[in-house]
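What follows is a set of notes on a single structure, which appears directly below.
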Amino acid sequence: MKNITQTKFLSKNYSTLHGLKGVPLGLCLFLISFWANISHYPVKNISLPIVFALGSLLLFIAIDQYYKRTFGEVKQTFASRRAQWIEQFILGTLAIVAFWIDVTFNLPVNFIGLLFALSYLFDKPKITSPSNKYSIIKLVLSICMILASISPLFLGVNWWNTIGVRAPIIGVTMLVGMLGVIQGAIWHIFFVTSLPTAEVKDE
Amino acid sequence: MSNIFEEIAGLDKLIHGPARLAIMTILSTSQSADFLALQRLTGLTSGNLSAHLSKLAEGELIIYEKQFVDKKPKTQINITKKGQQVLEKHWLQLENFRANIQKLNPE
Numbered sequence: 001m002k003n004i005t006q007t008k009f010l011s012k013n014y015s016t017l018h019g020l021k022g023v024p025l026g027l028c029l030f031l032i033s034f035w036a037n038i039s040h041y042p043v044k045n046i047s048l049p050i051v052f053a054l055g056s057l058l059l060f061i062a063i064d065q066y067y068k069r070t071f072g073e074v075k076q077t078f079a080s081r082r083a084q085w086i087e088q089f090i091l092g093t094l095a096i097v098a099f100w101i102d103v104t105f106n107l108p109v110n111f112i113g114l115l116f117a118l119s120y121l122f123d124k125p126k127i128t129s130p131s132n133k134y135s136i137i138k139l140v141l142s143i144c145m146i147l148a149s150i151s152p153l154f155l156g157v158n159w160w161n162t163i164g165v166r167a168p169i170i171g172v173t174m175l176v177g178m179l180g181v182i183q184g185a186i187w188h189i190f191f192v193t194s195l196p197t198a199e200v201k202d203e
Numbered sequence: 001m002s003n004i005f006e007e008i009a010g011l012d013k014l015i016h017g018p019a020r021l022a023i024m025t026i027l028s029t030s031q032s033a034d035f036l037a038l039q040r041l042t043g044l045t046s047g048n049l050s051a052h053l054s055k056l057a058e059g060e061l062i063i064y065e066k067q068f069v070d071k072k073p074k075t076q077i078n079i080t081k082k083g084q085q086v087l088e089k090h091w092l093q094l095e096n097f098r099a100n101i102q103k104l105n106p107e
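Protein chains in written order, with our numbering: chain A, 1 to 203; chain B, 1 to 107.
In structure tokens, the structure reads:
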């Protein structure tokens, strides 16, 4: 059995630590932005991104079932769930604003990338336990996102073109998707190895 | 010194063991947990976990409800108000106990 602080941390963040749940969103972002990068404009057929989105949704449902069947379920308190809904609503609203800024103005900073970096920095496990391995991964990945988002400031507005990426927003979204998949896989490994393997002997 | 022994004797035996304390701590941080999650988080075998849950339920510290989801049994466990109070009291007693020990042994 792990110590009581570790057990408390795991139970409080049980569903948040199910890393593979983040993989479908990361894959979806990566595939859609990759498609946007190789498409011929003006785009006439958008069935492929719809297939990607539906596929990701199905994958998410399958992963959710896997976690429920293999690791069980810990329902968060109403207060934590409410905080999560508010957080998601604010992030969703900000994402729309950031997307609008990115496509309307030709700025050397990518706001979608910065928003993802910010959401990674303020993720729940980081707040509850600032020095754990989960938050370190989030910190490293958010730094990567920030650097990619502000890279045109140092490398020029068109530097993404030199590596075959049509626009900064596409490049940043591909990177965010890729990092989301990597983070999900690493968190899953952390989660599985954090659970106790030996039974406690107390009587 | 006798006060410290009285404090130890005053600890609630029902939740003082590491397994039951872990179960109670998990339940106190959540709305509810199912049997499988408790097993994963504590590392207990299903037999031992069942035994501990029965003891805690007997003491009215938890309640559990058995349901069938997709024809499979699923046990949902919740901490009761009494359980929450007993756990808080237990942590307070442990904190006091630690403080008293430190007073006796400042180094």
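Beta carbons: idealized from backbone N, C-alpha and C, even for Gly.
Three-way DSSP call (helix, strand, coil) for A:Val165 in this model: Here residue 165 of chain A refers to the residue found at position 165 when the first sequence is read from its first residue. Three-state result, A:Val165: coil.
Local Cβ density within 10 Å of B:Lys71, reported as buried at 16 or more and exposed below that: The count along the second sequence starts at 1 and reaches residue 71 of chain B at position 71. The residue in question, B:Lys71, is exposed, as its Cβ has fewer than 16 Cβ neighbours within 10 Å.
Completely contained beta strand (DSSP E) runs for the segment 39-95 of chain B, where each covers 3 or more residues: Whole beta strand (DSSP E) segments, 3+ residues: 62-69 and 72-79.
Three-state secondary structure (DSSP) of A:Val74: Here residue 74 of chain A refers to the residue found at position 74 when the first sequence is read from its first residue. A:Val74: strand per DSSP, three-state reduction.
Where B:Asp34 falls: helix, strand or coil (DSSP): Against the second sequence, residue 34 of chain B aligns to sequence position 34. In this structure, B:Asp34 counts as strand in the three-state DSSP scheme.
Within 7 Å, strictly: CB atoms of B:Thr29 and A:Lys12: What you label residue 29 of chain B is simply residue 29 of the second sequence in a count that begins at 1. What you label residue 12 of chain A is simply residue 12 of the first sequence in a count that begins at 1. The Cβ atoms of B:Thr29 and A:Lys12 sit closer than 7 Å to each other.
Cβ pair A:Phe99, A:Ile112 closer than 7 Å: Taking the first residue of the first sequence as position 1, residue 99 of chain A is located at position 99. Taking the first residue of the first sequence as position 1, residue 112 of chain A is located at position 112. Their beta carbons are under 7 Å apart, which means A:Phe99 touches A:Ile112 by this criterion.
For A:Ala117, the nearest candidate out of A:Val176, A:Ser39, A:Tyr134 and A:Trp160 (CA to CA): As a first step, residue 117 of chain A is located in the first sequence; it is residue number 117 there, counting from the start. If we check each option's Cα against that of A:Ala117, A:Val176 comes out closest.
Residues within the segment 49-67 of chain A neighbouring chain B, beta-carbon criterion of under 8 Å: none
Closer than 7 Å to chain B by CB, A:Val74: For this step, residue 74 of chain A is matched to residue 74 along the first sequence. The C-beta of A:Val74 comes closer than 7 Å to at least one C-beta of chain B.
Neighbour list for A:Ile4 in chain B, Cβ cutoff strictly below 9 Å: Residue numbering aside, residue 4 of chain A sits at position 4 when the first sequence is read from its first letter. Here the neighbours are Pro18, Leu21, Ala22 and Thr25.
Residues of the segment 18-31 of chain A whose Cβ lies closer than 9 Å to any Cβ of chain B, in chain order: Those residues of the segment 18-31 of chain A that come within reach of chain B (Cβ to Cβ, closer than 9 Å) do not exist; the list is empty.
A:Asn110 beta carbon less than 7 Å from that of A:Ser149: Looking up residue 149 of chain A in the first sequence gives position 149. Looking up residue 110 of chain A in the first sequence gives position 110. Cβ distance < 7 Å, so A:Ser149 and A:Asn110 count as in contact.
Per-residue burial, B:Arg117 [other beta carbons within 10 Å of its own, 16 or more giving buried]: Coverage of chain B is limited to positions 1 through 107, which leaves residue 117 of chain B absent and any answer about it impossible.
Inter-residue CB distance, A:Gly72 and B:Asp34 (contact presumed, cutoff 8 Å): Along the first sequence, one-based indexing puts residue 72 of chain A at 72. Along the second sequence, one-based indexing puts residue 34 of chain B at 34. So it is a contact: roughly 5 Å between Cβ atoms.
Inter-stretch contact (C-beta, 8 Å, three-pair minimum) for the segment 47-58 of chain B and the segment 8-22 of chain B: Output reads yes: the segment 8-22 of chain B touches the segment 47-58 of chain B.
Alpha carbon of B:Lys74 to alpha carbon of A:Ile163, nearest angstrom: As a working mapping, residue 74 of chain B is identified with position 74 in the second sequence. As a working mapping, residue 163 of chain A is identified with position 163 in the first sequence. The straight-line gap from Cα to Cα measures roughly 52 Å.
Neighbour-count burial assignment, A:Phe154, 16 or more Cβ in a 10 Å radius: As a position in the first sequence, residue 154 of chain A is number 154, starting the count at 1. Exposed is the call here.
Beta carbon of B:Val86 nearer than 7 Å to that of B:Leu49: Within the second sequence, the letter at position 86 stands for residue 86 of chain B. Within the second sequence, the letter at position 49 stands for residue 49 of chain B. No; because the gap between Cβ atoms is not below 7 Å, this pair is not in contact.
Where A:Arg69 falls, given that 16 or more other Cβ within 10 Å makes a residue buried: Residue 69 of chain A sits at position 69 when you count from the first residue of the first sequence. Taking every protein chain shown into account, the CB of A:Arg69 has fewer than 16 other CB atoms within 10 angstroms, so this residue is exposed.
B:Ile15 at chain A interface by Cβ criterion, 7 Å: For the purposes of this step, residue 15 of chain B is taken as the residue at position 15 of the second sequence. By this cut-off, B:Ile15 is not an interface position.
Beta carbon proximity, B:Gly83 to chain A, threshold 7 Å: Within the second sequence, numbered from 1, the residue matching residue 83 of chain B stands at position 83. Not one chain A Cβ lies under 7 Å of B:Gly83.
Beta-carbon proximity list for A:Glu203, same chain, < 8 Å, skipping 5 on both sides: One-based indexing of the first sequence puts residue 203 of chain A at position 203. Caution is warranted here: a pLDDT of 47 is assigned to A:Glu203, below 50, making its placement in the model unreliable, and the coordinate value is therefore given only provisionally. So the list is empty, once near-sequence residues are dropped.
Where A:Pro108 sits in the DSSP three-state scheme: Numbered from 1 along the first sequence, position 108 holds the residue referred to as residue 108 of chain A. Residue state, collapsed to three classes: coil.
Option nearest A:Ala133 by Cα separation, candidates A:Phe78, A:Phe191 and A:Trp159: If you number the first sequence from 1, residue 133 of chain A lands on position 133. According to the sequence as given, residue 133 of chain A is Lys; it is not Ala. That would be A:Phe191, whose Cα lies nearest to the Cα of A:Lys133.
Chain A contacts from the segment 36-53 of chain B (Cβ-Cβ distance under 9 Å): Taking 9 Å as the Cβ-Cβ cut-off, the segment 36-53 of chain B approaches chain A at Leu36, Ala37, Leu38, Gln39, Arg40, Leu41, Thr42, Gly43, Leu44, Thr45 and Asn48, given in chain order.
Host alpha helix (DSSP H) of A:Phe30 (start-end): Along the first sequence, one-based indexing puts residue 30 of chain A at 30. Its alpha helix (DSSP H) spans residues Val23 to Ile38.
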